[in-house]
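This report concerns only the one structure given below.
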Amino acid sequence: MDFKEKVAEIFISIETELSMEEALQLIEIPPSADMGDYAVPCFKFAKKYRKSPAAIANDLVEKIGQVNEFEKIESAGPYVNFFVNKEQFAEQVLNRAFEEKEDYGSTNIGEGKTVIVEFSSPNIAKPFHIGHIRSTLIGNAINNIYKYMGYNTVAINHLGDYGTQFGMLISAYMKWGTPEVVEAIEKDPIPELLKLYVRYNQEIEKHPEYQDEARYWFKELEDGNEEALKLWAWFRDVSLKEFNRVYDMFGIKFDSLAGESFYSDKMPAIMDELKEKGLLKDSEGAKIVELSEYGLTDALVEKSDGSTLYVTRDVAAAKYRKDTYDFYKNIYVVGAPQKLHFDQWRKIIDLMGYDWAYDCVHVMFGTVSLEDGTLATRKGRVVFLEDVLNKAIEKTTEIINQRNPNLEDREKVAKQVGIGAVIFQELFNNRIKDYVFSWDKTLSFEGETGPYVQYTYARTCSLLRKADITIDSDVDFSILTNTEAFNVIKKLEGFKTALINAHDKYEPFIVTRYIVGLAQEFNRFYHECPIITDRVEVKKARLLLTLIVNIVLKKGMELLGMEAPEKM
RNA sequence: GCAUCUGUAGCUCAGUAGGAUAGAGCAGUGCCCUCCUAAGGCAUGUGUCAGGGGUUCGAUUCCUCUCAGGUGCACCA
620 MDFKEKVAEI FISIETELSM EEALQLIEIP PSADMGDYAV PCFKFAKKYR KSPAAIANDL
680 VEKIGQVNEF EKIESAGPYV NFFVNKEQFA EQVLNRAFEE KEDYGSTNIG EGKTVIVEFS
740 SPNIAKPFHI GHIRSTLIGN AINNIYKYMG YNTVAINHLG DYGTQFGMLI SAYMKWGTPE
800 VVEAIEKDPI PELLKLYVRY NQEIEKHPEY QDEARYWFKE LEDGNEEALK LWAWFRDVSL
860 KEFNRVYDMF GIKFDSLAGE SFYSDKMPAI MDELKEKGLL KDSEGAKIVE LSEYGLTDAL
920 VEKSDGSTLY VTRDVAAAKY RKDTYDFYKN IYVVGAPQKL HFDQWRKIID LMGYDWAYDC
980 VHVMFGTVSL EDGTLATRKG RVVFLEDVLN KAIEKTTEII NQRNPNLEDR EKVAKQVGIG
1040 AVIFQELFNN RIKDYVFSWD KTLSFEGETG PYVQYTYART CSLLRKADIT IDSDVDFSIL
1100 TNTEAFNVIK KLEGFKTALI NAHDKYEPFI VTRYIVGLAQ EFNRFYHECP IITDRVEVKK
1160 ARLLLTLIVN IVLKKGMELL GMEAPEKM
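Written out as C-alpha cells, the structure reads:
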C-alpha cells in the first residue's frame, strides 16, 4: 500500500461512511513541502458537524493520533496535513523501483486492448515540412505511452496518396515528363514533383481544360488504368524514400502505411450502407448527410461527378479498422483546423448505428506558423523538417567541439542531442497551443530543454560508471531523508501518475514536464550532496537513488521518442 | 453570420479534473569550477490570472456575457 492510500485508510477509519475512492479524491498535495506531503481539506465536513473546518481538522488530528507511517500529522487551519516518515517512504519507493527497473511506472491498464494511433500522414509528392512535426512527434509519443501502459498499439501512417492531385501529377507528367525530368525526380523527388504540381496549377488558368484532364486521369487511376497506376506507384515510392530519411532520424516506425488509396475500393460499400440506412440526401447534384440538427454543418459525402470525398474515405477507414483490429480506441493525431471534419465524421458513424463512434478520438493540436506568416509551400514559405534536424545537429556539433572536443562518438552524440532537442521542444507544451517556429528557440539548449535532461542523464551515467561497488536496495535509507534527496524521491514516486495522466489526456507534454522536473531535482541534489564519497554507506544509498533517476530519465525520454546519450 | 480554440510575469509557457502565500524557463543583475560533466547550481525583481456578472465557505480553475486573437464552415485533403 502506498502512502496516499494509507492516508485514505486512516480517514475512512474515522469517517466510516466514506468509500476508499471518495477518500482518495479528497486528498491533495499541499502547495509547499513544509505544509506536509498529503493534505485533506475539511470544508466538506463543516455541514455535518456544524463546526468550523478548522475545528474539525483539530478534532481529526486528535482522533488519528500517532501513525507509524507518518512522522507528523497536524492541522493547519482547515487542513489536516500528513508528513510521511521519510525513511519509510524512501525505502518503499526505491525498493519498488529497484525491483521493477525498466518497467518502473508501467501499468497493465491496457491489457488485452488494441489502440490505433494514426499520425504523421504526410502527402505524397509534397514536402515533409515543419508543419508535419506536430502530428509526427505527438503521435509517436502517444503510441509509445499507450504501449507502456499495456495496450497493444497499431501505429498507422495514413498517407495522403490519393485524390485529384494525383490526376494533376499524372497529367503533368504525361505532358512534360521528358527523360531529364525523370532523372531529376529520381534524384530529388519531392521538389521536382512539386514543380510539376505547381506548374500544372498555374497552367490551368490558361488552359481550363487541364482541370478536366486531371479529373480524367484520377478517374483512370481509380479504374485501374495500368499506366496511371504505374506512375502513381512510382511517385509514392520515391516520396516514401524521402519521408523515411526523416522517420529514421527520429527513430519512428509504423505498423501500417495504409493511406487513403488503401480504402479506395471500400467506398462503394460505404455509400450503399449510407443509402440503405436512409442517411443520404441529394443536394445540388451531390450527396450529403444532413447534420444541422446536431449543431454541425451538413457533410458532403459524394461529389456531383460521383467521386467520393475525405469524410467518406475516413468513414470507410474507421469501419475497416474496427473490423480488422477491433480497437478499444481509434486515435487520430490531426491538427485542430480539422475539428469540424472529425465531428461530422464521428456523427455520421454514430448515425450509421455504430456505438464505437465514440471510441474514435481526434487528438488535435495547434497550428505552426512562420515568423513571416503561415506556411505556404507554393510561395516558398516552407521549412523542411530535415533541415531543422540537420541544423540542430550542426549546432550541437559546435557546442561539443567547444566544450568537450575529446568526446568519443561525437557524431552520434550530436545527432542524439540535436534531434532530442527538437523532439523535446515540440513536446514541451500543451498540444492545443499555436506557435511560431523560431530557429532561436529550436536551437536553444539551456534551461528547460532536451539537452538539459540528456545532460543530467549523462551525469547519472558518469556517476554510475565511477561506482566501484555493486548497487542494490540494501542501503541505509535514513541517509536519503534530507531535503534534496527526499525531493528527488518524491518526484520519482510521481512517475506513474504522470504517465497515467498523459495517457488519459493524450498529452505527451505531461511526461516532458515530468522528466525536466526530475532532472531539476536531481541536479539540486547533485550539487548539494557528494555522491562518490569515502563513506561507503552514504555512497551506496546515494548511488541507488542515482540509479533510479537514471532509469526513469531514460524511460521518460524513450517514451517521448528521444535517445539518451551516456556521455556528452 | 454560425461554430470552435486561445487570452496567466518583458518573452515562452505550467498551474495536479474549485482550495492554503499563483509557479518554471528565457531575458537582466550578482555569486559558485584546486570540488563526482558549468549544456550545471545558488541568489534577486515582476502579476487588475483579458474584462463584467453569477454559482460557492472558497474561482486562475465551473456557468454566462463582453472584448481581443487564431481556426473552420459544400464538390481539396
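Numbering (the numbering used here), first residue to last: 620 to 1187. A virtual CB, placed ideally from N, CA and C, is assigned to each residue, including glycine.
For ASN771, the enclosing beta strand (DSSP E) has its first and last residue at 771–775. Taking all protein chains in view, the Cβ of ALA918 is crowded by 16 or more other Cβ atoms within 10 Å, so the residue is classified as buried. Relative to MET971, the option among ALA852, GLU895, GLN685 and GLU1013 whose CA is nearest is GLU895.
In this structure GLU921 is not in contact with TYR781, their Cβ atoms being roughly 15 Å apart against a cut-off of 8 Å. By the neighbour-count definition (other C-beta atoms within 10 Å, threshold 16), PRO808 is a buried residue. Restricting attention to alpha helix (DSSP H) runs no shorter than 4 residues, the region 798–838 encloses them at 798–806 and 808–825, ordered along the chain.
Rounded to the nearest angstrom, the gap between the Cα atoms of PHE785 and CYS1080 is 51 Å. Around the beta carbon of HIS826, fewer than 16 other beta carbons sit within 10 angstroms, so the residue counts as exposed. Judged by pairs of C-beta atoms under 8 Å, the region 737–752 does not touch the region 1132–1143, as fewer than three such pairs exist.
In chain order, LEU643, ILE646 and TYR657 place their CB closer than 8 Å to the CB of LYS623, counting only its own chain and leaving out the 5 sequence neighbours on each side. ILE1170: member of the alpha helix (DSSP H) spanning 1155–1179, first to last residue. LYS906: member of the beta strand (DSSP E) spanning 905–908, first to last residue.
Contact between SER858 and TYR819 does not hold, since the beta-carbon distance rounds to 17 Å and is not under 8 Å. Here the region 1135–1150 does not lie against the region 683–703, with fewer than 3 beta-carbon pairs under 8 Å apart.
When only Cα atoms are considered, VAL1130 and PRO1070 end up about 16 Å apart.
Here the alpha carbon of ALA665 sits roughly 7 Å from the alpha carbon of ILE675. Counting C-beta pairs closer than 8 Å gives fewer than three between the region 899–909 and the region 801–816, which falls short of the contact rule.
Here TYR723 carries a coil assignment [DSSP, helix/strand/coil]. If only uninterrupted alpha helix (DSSP H) runs of at least 4 residues are considered, those enclosed by the region 879–938 are 886–895. Contact between PHE708 and ILE1170 fails: their C-beta atoms lie close to 19 Å from each other, not under 8 Å. Within the region 952–1005, the complete beta strand (DSSP E) segments of 3 residues or longer fall at 979–982, listed in chain order. When rounded, the separation of the alpha-carbon atoms in ILE757 and ARG1029 is 28 Å. DSSP places THR1089 in no beta strand (DSSP E); its state is neither H nor E.
Within the model, the alpha-carbon separation for GLY684 versus ASN1106 is close to 26 Å. Within the region 1010–1046, the complete alpha helix (DSSP H) segments at least 4 residues long are 1029–1045, listed from N- to C-terminus. Judged by DSSP in its simplified three-state form, PRO1070 adopts helix. The beta carbon of ASP1095 is closer than 7 Å to those of GLU1156 and ALA1160 in its chain, skipping five residues each way along the sequence.
For ILE1150, the CB contacts under 8 Å within the same chain, skipping 5 residues up- and downstream, are LEU1082, LYS1158, ARG1161, LEU1162 and THR1165 in chain order. Under the criterion of beta carbons closer than 8 Å, LEU713 and VAL865 do not qualify as touching, at roughly 40 Å. Counting C-beta atoms within 10 angstroms of its own C-beta, LEU1111 has 16 or more neighbours from the protein chains shown and is therefore classed as buried. ILE728 is a Cβ neighbour of MET768, given a cutoff of 7 Å. In its chain, beyond the 5 residues on either side, no residue has a beta carbon closer than 7 Å to the beta carbon of GLU1013.
Distance between GLU721 and ASN771, taken at the CA atoms: about 18 Å. Relative to ILE761, the option among PRO1184, LYS1186 and ASN1120 whose CA is nearest is ASN1120. Between the region 991–1005 and the region 945–953, the count of Cβ pairs shorter than 8 Å is below three; the stretches do not touch.
CA-CA distance, ASN1023 to LEU840, rounds to 56 Å.
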